[in-house]
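Chains A and B are the protein sequences, given in the same order.
Just so it is clear: in the first sequence, position 104 is 104 by the numbering used here, and no numbers are missing.
Just so it is clear: in the second sequence, position 490 is 490 by the numbering used here, and no numbers are missing.
Structure record follows, encoded as structure tokens.
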Amino acid sequence: MEALDVDLEDGELELPAEPMHLNLGPSHPAMHGTVRIVLELSGETIVKSDVQIGYLHRGFEKMCERGTWAQVFPYVDRLNYVSPMLNNVGYALAVEKLCGLAVPERCQWYRMALGELARVSDHLTCTGAMAMELGAFTPFLWFVKAREMVWDILEEETGARLTHSFGRIGGMASPPTPDFKGLCRAALEKIIQLVEEGEKMLLKNRIFLDRLEDVGVIRGADAVALGWTGPCLRATGVSYDIRKAHPYLKYDEVDFDVPVGTKGDTLDRFLVRLGEIRQSRRIIEQSIDRMADEGPVNCDDPRVVLPEKSDVYTTIEATIQHFKLIMEGAKVPKGEVYSYTEGGNGELGYYLVSDGTGTPYRVRIRPPCFQITGGLSRLIDGRMLSDIVPTFGSLNMIGGECDH
Amino acid sequence: MPTFKLDGKPIPFEPGDTIIRAAWKLGIEIPHYCWHPGLTAPANCRMCLVEILPKPGQRPLTLDILELDTKTGEYRTAQKPKLQPSCYMAAAEGMEVLSDTSEHVKRARHDVQEFLLLNHPVDCPICDQSGECKLQDYWLDHMQTKKRMRDEPVHKPKGVVFGPTIVYDGERCVMCTRCVRFMAEVAKDPVLDMRERGNLNEIVVSPGRQLDGHYTFMTEHVCPVGALTTKDFRFKARVWFLRTAAAVCQGCATGCNAHLDYDPRYNKAYRYRPRDNEKVNKFWMCDEGMLTYKEAHDGRVPEALVGGKEKPLGAALDQARALFSGVPKESIAIVLSAQHSLEDNWALRELGTVLIGSKSVFKSGKPDGYEDTILIHRDKNPNSKGVEQLAPGVKALPLLVDEVKASRITHVIALGGAAAVDVDGLRSAKVVVVAAHAGPLTQVANVVLPATSWAEHAGTYANVKGLRQESEKALEPLGASRPAWAQLAALATALGYEPSWKSMKQIRTRLGGAADARPASLPATAGAGQLGGGAE
């Protein structure tokens with residue numbers, strides 16, 4: 001058959017200059033969660049991108065207005081579902097701030113240790129998945145193996161691997177198990193070994209580095225202007241960590257550093273997360289060293305803390321207490337509060353309004369991902385199509401939390 | 001008006017008011033079990049103790065007490081102010097009373113509550129009062145501590161049948177004697193009393209009697225705990241799933257104000273509770289009235305009927321049109337119903353006298369029955385006065401039967417199924433009935449259009465004193481039923497008229513404004529949460 005272009009003049013061989021539109025997502029294997037990016041491509045170069053979120057919107061904030069304050073915990077598990085414990089602790093701290101409660105020291109250390117374990121799991125997932133999406137499958141498997149160790153500890157403590165619902169107003173669902181400290185020490189050793197091995201494999205790989213270095217660059221001032229917090233902000237060189245800047249629990253009593261990057265590119269974000277895993281280990285070790293083996297975990301306030309089950313079954317006073325707390329919910333004093341903690345991705349804030357009843361009047365969440373995802377277009381515009389995958393991966397957008 | 005100070009806040013009172021009543025009138029609650037605004041005060045629960053400061057220059061009333069010195073472990077003598085029961089203490093000008101601000105009062109409340117719970121069984125999970133129980137509320141408000149007693153609690157009779165309606169549980173009882181006083185003071189039948197002393201105390205029925213009569217439900221209503229339960233409501237529902245609507249009892253012409261408690265999940269009414277109204281029923285309702293909530297479901301006409309057979313609404317309206325076509329207006333009569341609301345009756349009057357132009361207006365309703373001097377009225381219809389207001393000189397139903405027999409009336413449009421007389425004579429006429437409940441009139445009707453009951457749409461009812469009271473919507477309409485005024489509008493359209501009313505609001509405007517007494521909706525129970533989904 002005759003060639004189709006046989007009649008064409010040389011000048012007419014140019015490719016059409018009309019931009020091509022491409023939908024990336026909402027369901028795409030390389031997209032974290034369900035998010036859609038509408039791209040305007042010129043060849044493989046991104047001319048314009050439009051990031052559209054909301055595919056995982058479940059009306060979380062509205063759901064919270066139906067049950068009791070304590071019934072919000074299962075919902076917050078499903079915000080950043082890669083580190084549910086941090087959400088649990090953050091929400092518990094917010095309600096306690098509104099109630100003017102302080103949990104016992106043992107509980108504070110326990111919450112720190114559990115929270116940092118969750119942070120380790122969060123960073124392992126993010127960095128591992130990012131490497132896998134660039135073709136590096138082995139480090140992903142190692143990181144997931146390490147994450148599995150974290151989850152084993154959390155399962156031992158809470159009974160659930162992912163959605164723990166372990167936080168309580170005024171304490172935790174149950175005290176630390178006797179094995180907790182030993183499990184942590186043993187697992188952290190192995191986790192760090194696995195992280196180091198993975199790191200060795202990735203950071204000596206030219207292809208991997210080339211895909212990350214100078215890709216998705218953002219300046220510190222721009223990141224601050226966008227409202228970025230957490231590892232993504234720190235990768236730009238801005239050393240802002242709520243655990244240092246506005247310490248809560250016992251973070252002001254432990255030694256740890258805040259890893260920061262220099263350029264704010266995808267590689268920096270990758271390295272900051274790995275650095276934070278090591279810092280989390282330091283925090284966990286100090287926390288479990290200082291956490292008492294005996295003593296109360298829950299604060300001693302019958303208006304918010306459930307009584308012992310054995311008392312509930314045998315005495316009327318505890319039955320009434322249980323009934324009031326479960327059926328009507330703890331009465332949180334009238335007022336409003338904004339409480340913020342360092343979540344896996346940055347500032348996780350809860351703005352709560354109480355009308356004095358057992359049901360939240362309003363629960364507003366400030367998810368760190370929301371602001372960070374808002375800056376994605378700026379990182380990928382002008383870059384190649386294939387840069388989206390590592391750049392987006394390094395932001396660690398979590399749909400459950402972003403689409404609150 | 002003279003005033004006294006409660007926790008520094010001036011409280012006006014009428015001479016003769018006790019401290020607790022004066023505070024109650026202002027909506028301030030001093031915790032109490034035995035006191036009830038509608039009963040005398042025995043001052044036996046000791047929950048309402050308050051501290052009354054001595055007049056300047058006077059010595060305070062004190063009690064000598066033994067106090068444990070926690071440091072030495074020895075008891076030493078001390079003094080504390082003598083607290084006074086606020087339910088018995090008459091308020092006096094310039095009196096300074098401490099309630100929530102006195103440490104002594106708080107301590108007393110805690111200790112009284114602890115004593116009351118001392119022998120209380122662990123019954124909350126199976127107790128009908130759970131969720132609206134004062135023991136639960138006051139534990140959280142005033143006690144908040146665990147059980148200290150290690151001994152086996154005192155056991156008392158449980159599940160004692162007091163009569164045809166009431167079951168008593170001695171272990172749950174706090175001996176407030178509200179039920180005893182209610183029967184003696186309000187029902188005028190002192191059939192209850194207490195026997196034994198101390199922690200063996202229990203409520204008993206007089207030998208040879210049982211707790212019966214027309215006001216037994218009120219003993220359960222006044223019970224602040226779960227000691228008295230009604231056989232009707234026992235184990236039927238959990239109160240925190242119930243929502244409430246402010247209703248008007250349909251049992252008689254007194255028009256008692258009531259809370260109609262219903263479960264929105266099942267669209268089912270579960271009980272009535274009296275709604276306080278000083279002008280009508282004070283705090284009370286009668287047994288017969290308390291049970292009329294069942295009529296929200298029983299004896300209803302859920303679908304349209306043609307010749308006694310269920311038919312779609314459209315077919316029923318077609319049949320009505322066929323029956324009424326070409327009938328001279330002089331041969332058509334309308335029958336207003338004392339069972340239906342003012343709005344429904346207004347719509348029928350409008351259809352009959354204005355659109356059709358008939359001059360024959362009659363009135364139906366349930367037959368008279370038992371009456372007493374407390375609440376129960378002889379007239380068993382909630383809106384007799386309203387019908388008389390709408391159609392002065394309205395004729396009685398027997399006259400209609402005579403007119404039909406004399407063939408002066410051949411066609412009838414009636415509201416409501418109830419009739420106090422034999423209406424078989426109406427069978428020779430063509431009858432269309434719009435009714436919520438089946439009755440003699442629906443029996444003789446050629447066409448029945450289903451209407452909603454009082455529980456399924458808002459309505460205004462004029463009681464025997466002519467007071468117009470509004471009853472709120474609680475349930476969703478049953479089957480094909482619609483408010484009677486809406487069915488009458490559909491009927492008017494079917495008969496070829498243009499109805500002049502399209503909404504409840506229009507009817508109310510033309511009725512001459514809103515009801516005299518609009519209900520202020522209250523939560524179903526003190527602890528009604530959002531668990532089952534709100535009705536509002």
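Beta carbons: idealized from backbone N, C-alpha and C, even for Gly.
Of all the CB atoms in chain B, is at least one closer than 7 Å to the CB of residue i?
| i | result |
| --- | --- |
| phenylalanine 323 of chain A | yes |
| threonine 341 of chain A | no |
| isoleucine 277 of chain A | no |
| alanine 320 of chain A | Per the sequence presented here, residue 320 of chain A reads as isoleucine, with alanine not at that position. Interface residue, yes. |
Name, please, each residue of chain B whose Cβ falls closer than 8 Å to the Cβ of residue i.
| i | result |
| --- | --- |
| glutamate 317 of chain A | Leu117, Trp139, Met143, Thr145, Lys146 and Lys147 |
| aspartate 311 of chain A | Lys146 and Lys147 |
Would you verify that the beta carbon of residue i is, or is not, closer than 7 Å to some beta carbon of chain A?
| i | result |
| --- | --- |
| tryptophan 240 of chain B | yes |
| histidine 120 of chain B | yes |
Mind listing the chain B neighbours of residue i? Cutoff is C-beta to C-beta under 7 Å, in chain order.
| i | result |
| --- | --- |
| methionine 63 of chain A | The premise fails here: methionine 63 of chain A is roughly 11 Å from chain B at the closest Cβ pair, so nothing lies under 7 Å. |
| proline 473 of chain A | Residue 473 of chain A cannot be examined here, being either before or after the span of chain A that is shown, 1 to 404. |
Run through DSSP, which three-state label would residue i get?
| i | result |
| --- | --- |
| asparagine 298 of chain A | coil |
| valine 421 of chain B | coil |
| phenylalanine 137 of chain A | helix |
| methionine 149 of chain B | coil |
| proline 450 of chain B | strand |
| valine 103 of chain A | coil |
| proline 10 of chain B | strand |
| arginine 273 of chain B | strand |
| arginine 378 of chain B | coil |
| methionine 362 of chain B | For the record, residue 362 of chain B in the displayed sequence is phenylalanine; it is not methionine. Reduced to three states, the DSSP call for phenylalanine 362 of chain B is strand. |
| glycine 299 of chain B | coil |
| proline 307 of chain A | coil |
| proline 545 of chain B | With chain B covering 1 to 536 only, the question about residue 545 of chain B has no answer from this structure. |
| arginine 482 of chain B | strand |
| arginine 383 of chain A | coil |
| leucine 124 of chain A | helix |
| proline 176 of chain A | coil |
| isoleucine 283 of chain A | helix |
| asparagine 44 of chain B | coil |
| alanine 22 of chain B | helix |
| alanine 330 of chain A | coil |
| aspartate 67 of chain B | In the sequence under discussion, the amino acid at residue 67 of chain B is glutamate, which differs from the aspartate named in the question. In this structure, glutamate 67 of chain B counts as strand in the three-state DSSP scheme. |
| histidine 21 of chain A | strand |
List, in order along the chain, the chain B residues whose C-beta lies closer than 9 Å to that of residue i?
| i | result |
| --- | --- |
| threonine 314 of chain A | Val122 and Lys147 |
Just to check, is the beta-carbon of residue i closer than 6 Å to a non-hydrogen atom of the ligand GTP?
| i | result |
| --- | --- |
| serine 310 of chain A | With respect to small molecules bound, the structure shown includes none, and the ligand GTP cannot be examined in it. |
Compile a chain-ordered list of the residues in the segment 122-137 of chain B whose CB is closer than 8 Å to at least one CB of chain A. Val122, Asp123, Cys124, Pro125, Ser130, Gly131, Leu135 and Gln136
Which full runs of the alpha helix (DSSP H) of 4+ residues lie inside the segment 170-258 of chain B, going along the chain? 178-181 and 217-222
Anything in the segment 205-223 of chain A with a Cβ closer than 8 Å to a Cβ of chain B? List those residues in chain order, please. none
Segments of 3+ residues assigned as beta strand (DSSP E) that fall wholly inside the segment 321-346 of chain B: 332-337
Quick check for students: name the residue ranges of the beta strand (DSSP E) that lie wholly in the segment 202-259 of chain A, counting only runs of 3 or more. none
Which runs of the alpha helix (DSSP H), 4 residues or longer, sit entirely within the segment 87-141 of chain B? 103-118 and 134-138
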